[in-house]
Amino acid sequence: MTKKLLLIDGNSIAFKAFYALYTAMDKFTNPSGLHTSAIYGFNRMLDKVLADEKPTDVLVAFDAGKTTFRTKMYADYKGGRAKTPTELSEQFPFLKELINARGISTYELPDYEADDIIGTLAKKAEEAGDYQVVIVTGDRDLTQLTSDKTTVQVSKKGVTELETYTPKHVEEKLGVKPSQIIEIKGLKGDNSDNYPGVEKVGDKTAVRLVQQFGTIDNLYQNIDQVSGKKLKEHLIHDQAQAERAHTLATINRDAPVTVSLDQLKYQGDNIDKLTDFYERMGFKSFLAKLSVDDQDHADDQADIQYTVLSAKNAAELDQFTDEVTFHLEMSEENYHTSPLVGFAIGQGDKWYVTNDPELLHNQHVIDLLTSKTIKKNVFDAKRTYVGLYRQGIELANVDFDMLLVSYLLNTTNNSNDVGTVAHLHGFYNVKTDEEVYGKGAKRHIDPQSPAFLAHLVHKVKAIDALHDGMFKDLDAHNQSKLYWDIEIKIAFVLAHMEINGIKVDAATLEGMGSKFKERLAEIEQTIFQEAGEEFNIGSPKQLGKILFEKLRLPILKKTKTGYSTSVDVLEKLAPDAPIVQNVLDYRQISKLQSTYVDGLLKVIHPDDSKVHTRYLQTLTQTGRLSSVDPNLQNIPVRSEEGRLIRQAFIPSHPGWQIFSSDYSQIELRVLASITDDQNMQDAFKNGEDIHATTARRIFGLPSNEEVTPELRRQAKAVNFGIVYGISDFGLASNTGITRKQAHQFIERYFEEYPGVKKYTEDIVEFARNHRYVETIAHRRRYLPDINSKSFNLRSFAERTAMNTPIQGSAADIIKIAMINMADAIKDMKTRMLLQVHDELIFEVPDEELDTVKQLIPSVMDSAIHLNVPLKVESHWGKTWYDAK
DNA sequence: GAGATCAGCGCGT
DNA sequence: TTACGTGCTGATCTC
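Number 1943 marks the last residue of the first sequence (our numbering); no jumps.
As structure tokens, this is what we get:
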């Protein structure tokens, strides 16, 4: 029987894992302060490779130290590298402990790198005959070891994503044989290992030369045949360097390793040691997996038992009379337009699956899905509802929406993928779509493959398996009402809004577009004349060169890659040079053109001249919705030129009106209510202008009449700032006052609104104790950084603690209003079209206008009872533009 | 040369 | 060094 030897390049994988999780490093620490990111990433990689390869023998090789036979030969080898961060180096001893607990040996050899150990053992195994060898590394140089018996897997960006190299694959990708990789490296050198090859020879040239000559030796023997005079000169001049680079790049396959192949047997996890280790590292998900694996191994096989659904056996679906789990698979993200590729349905241990969406029209399937008594468990109710609705099937009685529940339990790390969410909740017997279908351009769904059907079954099984536990968690969070009364209901309200869509007049947009095009061409010419040369105005880099190098305008702000050219900078520079104002105009118009004219035209549906956005219900950290394809929550309104875009948004029937109602200052009203600040509440109860009142209070004026527009503007900035948890620095830069003044404003604000001051202190204290904050409806946001040692992270978490209950409660309120609204207008012709955070937009026939003028605001302002009144303002007109 | 990802920018509440 | 988002273009990296 053949054995399979897995050889892992410990250092390179640890490095990759560490840098893959670099930004999240502070989240990966155990209670004693040890960083654990590299250990975590390494273990994820191990899990994957052990599962995929099922090796019989395994070794992890490490570098022994800084000096090796290569540094003796060339002192600068790997010179100039930054010192390994202590956050990583402190992890190595524990990493080795992990590897041993997983039943795997580690090995290192003085004077040699891990590469050489791996090369040597791979060679021994190949010579022994009955081995297959798999090498896992982060370093593509090791692909020189591929052969018909040895494959090399190189980690891509993350650590768990591996690309497999066989000799064929190496040749396809690099254009040369594996053994010729060292010839390439000899010619071009290696920047990261800090040794040069031949000057002016890069990838392209090196490959060409190696394809022509095979080896460097042969190249120099036939140097006369090299085409290109300069190239030849460089080759001759750098011959010694090339030969040295060749040697440095060559993996030593005869290193004096002292372990033998028969010492490498893979022992499997030592559960006791591993449990102890995971506990010390704080690896909850791995701990969960340990226990799940224990239970699951038995039913791994039984697991993939399913029946392929057909017209013949569909009657068997009648056995489900109580509840059923259902998943509708679509090949694309946009469920309004995506093809349907299959579905799975079942419960308990009876699972049916098909790649034929036509079976949705089978009466037994329809009866099940539309039954008002049989409960349905799904992942993403809105998506499923819309997908079925397109087939004329109205999904009814959704019980468990795994996506939605997962989002409510924890808004961070949520995902639209069943597998990913399942893993998050400790269920591992399902793959992610990316694992099964691939990603990006390589993504491909093959509905004919058995893997496809199995994947769908695993998905429904995951949903079924997590149903009870996640509902319990929801209850433990006191979030069941949030789920049942708000989120699951709003999902269907949103579905209908999306399906209904809003009509967009393409001709209006096209008219605007051609005007913009002319105007852009004009301004462009002016700018080129002023600059004295042509360049790409849309490139901040090129623009920066022109403005700050050629024209020598003062550099007011920098970004991490160069000069800042953002509006606030350009506005300050505009008086200095006319070109700047032209750039600002150009920017404004090209934004309108690309994002709104061209962008919207692209997504108008040809059949109904409408756009059908998708509201993402499970994305934001605060409970707001977001909108995509197209985003209808950022249609211009502030500048008149931009606002004209709204003329293209029209009712879907002639003579109807676009009707818009928005909450006035909902966030400040929420603030007044939850802080229980009497002064702020009084202002709202008395119907005062809140910004004027704030100005009067903080500037100590006798009455609101004394407040000048400038003072009101400043007070408004403070009000906003408080909602966002601003600092004096931020307030100063925002309003153009000094930092000291800003500090005084904030002090005065807290004196006048003491309830607000107390709230900001209390909520941060709550967050420190509980690690989360909540909205009125018990929507929860975790703040893991609230006790961070990093000032920036901690400050951010503190601001979030103040803002999220405000912004999130406002989101709760409008969602409740929308649910009530859908019910209030259900027998009318009026349709609710859009939600823009504090605003609802409708289309209304003339005969209902008088009714909705009363009805809509009253539904909105009665959505919830606060300690202050909610105020709603309405506008209408023949287009969205005119609803002002 | 195409595709993926990052950076900068600007649109909304 | 003020919260939450989408999406465009260009630059850069990767294959």
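No residue lacks a Cβ here, since even glycine has one placed at the ideal position from N, Cα and C. For clarity, every value in this text was computed on a predicted model and none was experimentally measured.
Residue i, buried or exposed, once every other Cβ within 10 Å from all chains shown has been counted against 16
i: His1517; result: buried
i: His1094; result: buried
i: Ser1096; result: buried
i: Glu1222; result: exposed
i: Pro1169; result: exposed
i: Ile1310; result: buried
i: Arg1611; result: exposed
i: His1395; result: buried
i: Lys1232; result: exposed
i: Arg1161; result: buried
i: Asn1488; result: buried
i: Ile1282; result: exposed
i: His1829; result: exposed
i: His1750; result: buried
i: Ala1774; result: buried
Enclosing alpha helix (DSSP H) for residue i [first to last residue]
i: Thr1165; result: Per DSSP, Thr1165 belongs to no alpha helix (DSSP H); it is in the beta strand (DSSP E), Ser1164 to Glu1167.
i: Asp1106; result: Ser1096 to Glu1112
i: Phe1901; result: Careful: Phe1901 lies outside any alpha helix (DSSP H), inside the beta strand (DSSP E) at Glu1898 to Val1903.
i: Tyr1466; result: Met1461 to Leu1468
i: Tyr1622; result: That residue, Tyr1622, is in no alpha helix (DSSP H); it is neither H nor E in DSSP.
i: Thr1734; result: Ile1725 to Thr1734
i: Lys1633; result: With the sequence shown as reference, residue 1633 is identified as Ala, and Lys is not the correct amino acid for it. Run containing Ala1633: none; DSSP gives neither H nor E here.
i: Leu1515; result: Pro1509 to Ala1535
Coarse secondary structure for residue i, derived from DSSP in three states
i: Pro1255; result: strand
i: Leu1541; result: helix
i: Gln1360; result: Unreliable positioning characterises Gln1360 in this predicted model, as indicated by a pLDDT of 38, which lies under 50. The coordinate reading is nonetheless provided below. Note: Gln1360 maps to helix in three-state DSSP.
i: Lys1435; result: strand
i: Ala1031; result: Any question about residue 1031 goes unanswered here, given that the chain covers just 1060 to 1943.
i: Met1861; result: helix
i: Val1782; result: helix
i: Ser1653; result: helix
i: Ala1942; result: coil
i: Arg1756; result: helix
i: Ile1561; result: strand
i: Ile1749; result: helix
i: Gly1485; result: coil
Proximity of residue i and residue j at Cβ, strictly below 8 Å
i: Val1974; j: Lys1208; result: Residue 1974 lies beyond the residue range present for the chain, which begins at 1060 and ends at 1943; the question has no answer from this structure.
i: Pro1864; j: Glu1833; result: yes
i: Ile1582; j: Tyr1645; result: yes
i: Gln1270; j: Val1229; result: no
i: Gln1894; j: Met1877; result: yes
i: Gln1706; j: Thr1938; result: yes
i: Val1367; j: Leu1512; result: yes
i: Thr1753; j: Asn1793; result: no
i: Leu1204; j: Val1213; result: no
i: Glu1589; j: Ile1638; result: yes
i: Leu1246; j: Ala1265; result: yes
i: Leu1852; j: Asp1085; result: yes
i: Gly1560; j: Thr1681; result: no
i: Leu1660; j: Leu1568; result: yes
Span of the beta strand (DSSP E) around residue i
i: Arg1839; result: Arg1839 to Tyr1841
i: Gln1601; result: Per DSSP, Gln1601 belongs to no beta strand (DSSP E); it is in the alpha helix (DSSP H), Pro1599 to Gly1603.
i: Leu1065; result: Lys1062 to Asp1068
i: Glu1388; result: Glu1382 to Met1389
i: Leu1221; result: Leu1221 to Tyr1224
Three or more C-beta pairs closer than 8 Å, one from the stretch 1465-1485 and one from the stretch 1685-1693: is that the case here? The stretch 1465-1485 vs the stretch 1685-1693: no contact.
Between the stretch 1499-1517 and the stretch 1538-1546, do at least 3 Cβ pairs fall closer than 8 Å? They do not touch, by the three-pair rule.
Determine, using beta-carbon pairs with one atom in the stretch 1659-1678 and one in the stretch 1879-1890, whether at least three such pairs fall under 8 Å. Remark: fewer than three beta-carbon pairs, one from each stretch, lie closer than 8 Å, so the stretch 1659-1678 and the stretch 1879-1890 are not flagged as touching.
Is the stretch 1728-1736 in contact with the stretch 1816-1835, if contact means three or more CB pairs nearer than 8 Å? Enough Cβ pairs lie closer than 8 Å, so yes.
So does the stretch 1102-1112 actually touch the stretch 1278-1294, counting three or more Cβ pairs closer than 8 Å? Of all C-beta pairs linking the stretch 1102-1112 to the stretch 1278-1294, fewer than three are shorter than 8 Å, placing the two stretches out of contact.
When the Cβ atoms of the stretch 1169-1184 are set against those of the stretch 1329-1342, are three or more pairs found closer than 8 Å? Output reads no: the stretch 1329-1342 does not touch the stretch 1169-1184.
Report yes or no: do three or more beta-carbon pairs, one from the stretch 1075-1089 and one from the stretch 1114-1127, lie closer than 8 Å? Inter-segment contact for the stretch 1075-1089 and the stretch 1114-1127 is absent: fewer than three beta-carbon pairs are separated by less than 8 Å.
Three or more C-beta pairs under 8 Å: does that hold for the stretch 1720-1727 against the stretch 1890-1905? Yes: at least three Cβ pairs fall under 8 Å.
The stretch 1524-1537 contacting the stretch 1614-1625, beta-carbon criterion three pairs below 8 Å: Verdict: no, contact absent.
Pairing CB atoms from the stretch 1780-1790 with CB atoms from the stretch 1759-1772, are three or more of them under 8 Å? Not touching, per the Cβ criterion.
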